[in-house]
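Asker: Numbering (my numbering), first residue to last: 6 to 242. For every residue, glycine included, the Cβ atom is placed at its ideal position computed from N, Cα and C. Note that this is a predicted model, so its numbers are computed, not measured. Got a structure here, written out as structure tokens. Questions coming.
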Amino acid sequence: MSAPISAYEPQRRAARGWCRLSALGLGAGMLWALATAADAQQQPPINGIYTCTDANGRKLRSDRPIAACLDREQTVLNPSGTVRARVGPSLSAQQRAELEERKKEEVLERAREAEEKRRDRAMLARYPTREAHDKERGEAHARIDAVVLEAEKRIVALHDERKKIDRELEFYQGDPAKAPPALRRQIEYVTQSLQAQRRFIQVQENERQRVDNRFNDELQRLTELWQAQQRAGGSAP
Numbered sequence: 006m007s008a009p010i011s012a013y014e015p016q017r018r019a020a021r022g023w024c025r026l027s028a029l030g031l032g033a034g035m036l037w038a039l040a041t042a043a044d045a046q047q048q049p050p051i052n053g054i055y056t057c058t059d060a061n062g063r064k065l066r067s068d069r070p071i072a073a074c075l076d077r078e079q080t081v082l083n084p085s086g087t088v089r090a091r092v093g094p095s096l097s098a099q100q101r102a103e104l105e106e107r108k109k110e111e112v113l114e115r116a117r118e119a120e121e122k123r124r125d126r127a128m129l130a131r132y133p134t135r136e137a138h139d140k141e142r143g144e145a146h147a148r149i150d151a152v153v154l155e156a157e158k159r160i161v162a163l164h165d166e167r168k169k170i171d172r173e174l175e176f177y178q179g180d181p182a183k184a185p186p187a188l189r190r191q192i193e194y195v196t197q198s199l200q201a202q203r204r205f206i207q208v209q210e211n212e213r214q215r216v217d218n219r220f221n222d223e224l225q226r227l228t229e230l231w232q233a234q235q236r237a238g239g240s241a242p
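In structure tokens, the structure reads:
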């Protein structure tokens, strides 16, 4: 038997074992196994004969968890020699925290992939062909064009109104300061309205660019989906 060393020996050996496992690239199955081991570590040791092969290839036996094998699986035997249990690697608090973080990242990644697949299915249902996508882009442009046209008409009307005001100002040598308050208010109203309409048109042009960017991004992804669908024997776009 090895010397009765506590299973909670200084953690440097466990840390070296963890690094070796990490270097191999832990998959989802290994992460699950280590998570099980981390839970098991918090439970009292199992009664029986612990056996393992350490990093140097030595076969060890003990009546308690073997410190030299904290980084690997240990087999617990009954007195008859049959296998009673298998105990996974013992992990430090930091290693358990790292393991939990990896598990969370895996869950988030799976959720992200599921959401991406859901969006792809929704896009294919909405745009089964290139023509359907182009049609909706054209409709979006038409809506923007309509409101811009109304704003431009309003600007023309405001310019006509300002011309009338300017003719009235001729009676005051073209100086608004000499004009009556009502006329000055008209000048201010027309000036502010023109500025508002120009700002509105700029907002719509920005919206047009945003819409185009969205449709371009969608088209890039849809092209990939249509091609994959065509290869799989589905309908071509």
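When the Cα atoms are used, what is the spatial distance from residue 37 to residue 73?
Answerer: For the purposes of this step, residue 37 is taken as the residue at position 32 of the sequence shown. For the purposes of this step, residue 73 is taken as the residue at position 68 of the sequence shown. For residue 37, the pLDDT reaches just 45, beneath the cut-off of 50, and the residue's location in the model is therefore unreliable, leaving the point undetermined.
Asker: Output the distance between the C-alpha atoms of residue 147 and residue 122, rounded to the nearest integer angstrom.
Answerer: Reading the sequence shown from its first residue, position 142 is the one you call residue 147. Reading the sequence shown from its first residue, position 117 is the one you call residue 122. Each residue's Cα considered, the two are about 31 Å apart.
Asker: Going by the beta-carbon positions, is the gap between residue 163 and residue 208 smaller than 8 Å?
Answerer: Taking the sequence shown and counting its residues from 1, the one referred to as residue 163 is at position 158. Taking the sequence shown and counting its residues from 1, the one referred to as residue 208 is at position 203. Their beta carbons are not under 8 Å apart, which means residue 163 does not touch residue 208 by this criterion.
Asker: Suppose you measure from the CA of residue 236 to the CA of residue 149; what does that come to, to the nearest Å?
Answerer: If you number the sequence shown from 1, residue 236 lands on position 231. If you number the sequence shown from 1, residue 149 lands on position 144. Cα-Cα distance, rounded: 37 Å.
Asker: Can you list, in chain order, the residues of its chain with a C-beta nearer than 7 Å to that of residue 83? Leave out the 5 residues immediately preceding and following it.
Answerer: As a working note, residue 83 is residue 78 in the sequence shown. Cβ within range, chain order: 53 and 89.
Asker: Classify residue 198 as helix, strand or coil using the three-state DSSP reduction.
Answerer: As a working note, residue 198 is residue 193 in the sequence shown. Note: residue 198 maps to helix in three-state DSSP.
Asker: Since residue 55 sits in a beta bridge, which residues does DSSP pair it with?
Answerer: Start at 1 with the first residue of the sequence shown, and residue 55 comes out as number 50. Paired residue(s): 67 and 81.
Asker: Note the first and the last residue of the continuous alpha helix (DSSP H) segment covering residue 73.
Answerer: Translated into positions along the sequence shown, residue 73 becomes position 68. Unbroken run through residue 73: none, as it is neither H nor E.
Asker: What distance in whole Å lies between the Cβ atoms of residue 94 and residue 78, which are believed to be in contact at a cut-off of 8 Å?
Answerer: Position 73 of the sequence shown, counted from the start, is the residue given in the question as residue 78. Position 89 of the sequence shown, counted from the start, is the residue given in the question as residue 94. Confirmed, about 7 Å.
Asker: Based on Cα-Cα distance, which residue from 158, 117 and 136 lies nearest to residue 206?
Answerer: Reading the sequence shown from its first residue, position 201 is the one you call residue 206. The shortest Cα separation from residue 206 among 158, 117 and 136 belongs to 158.
Asker: Could you check which residue in 193, 183, 143 and 198 has the C-alpha nearest to that of residue 161?
Answerer: One-based indexing of the sequence shown puts residue 161 at position 156. For the residues 193, 183, 143 and 198, the minimum Cα distance to residue 161 belongs to 198.
Asker: Run the CB neighbour count on residue 180, radius 10 Å, all protein chains shown included, and call it buried at 16 or more, exposed below.
Answerer: Numbered from its first residue, the sequence shown carries residue 180 at position 175. By the 10 Å Cβ count, residue 180 comes out exposed.
Asker: Does the beta-carbon of residue 76 have 16 or more other beta-carbons within 10 angstroms, so that it is buried, or is it exposed?
Answerer: By 1-based counting over the sequence shown, the position of residue 76 is 71. Flag for residue 76 reads buried.
Asker: Please go through the same chain and pick out, in chain order, the residues whose beta-carbon is closer than 7 Å to the beta-carbon of residue 139, but skip the five residues on each side of it.
Answerer: Here residue 139 refers to the residue found at position 134 of the sequence shown. Same-chain partners within the cutoff: there are none.
Asker: Would you say residue 173 and residue 188 are within 8 Å of each other, going by their C-beta atoms?
Answerer: Looking up residue 173 in the sequence shown gives position 168. Looking up residue 188 in the sequence shown gives position 183. Contact: yes.
Asker: Enumerate in chain order the residues of its own chain whose CB-to-CB distance from residue 64 is below 6 Å, with the five nearest sequence positions on each side excluded.
Answerer: Position 59 of the sequence shown, counted from the start, is the residue given in the question as residue 64. So the qualifying residues of the chain are 58.
Asker: How close, in whole Å, do the beta carbons of residue 128 and residue 227 come, if the pair is a contact with beta carbons under 8 Å?
Answerer: Translated into positions along the sequence shown, residue 128 becomes position 123. Translated into positions along the sequence shown, residue 227 becomes position 222. With a Cβ gap of about 6 Å, residue 128 and residue 227 count as contacting.
Asker: From the DSSP output, in three-state form, read off residue 90 for me.
Answerer: Residue 90 sits at position 85 when you count from the first residue of the sequence shown. Strand, per DSSP.
Asker: Alpha carbon to alpha carbon, how far is residue 238 from residue 126?
Answerer: One-based indexing of the sequence shown puts residue 238 at position 233. One-based indexing of the sequence shown puts residue 126 at position 121. If you take the alpha carbons of residue 238 and residue 126, they lie about 16 Å apart.
Asker: What would DSSP say about residue 218, mapped onto helix, strand or coil?
Answerer: Here residue 218 corresponds to residue number 213 of the sequence shown, with the count starting at 1. Helix.
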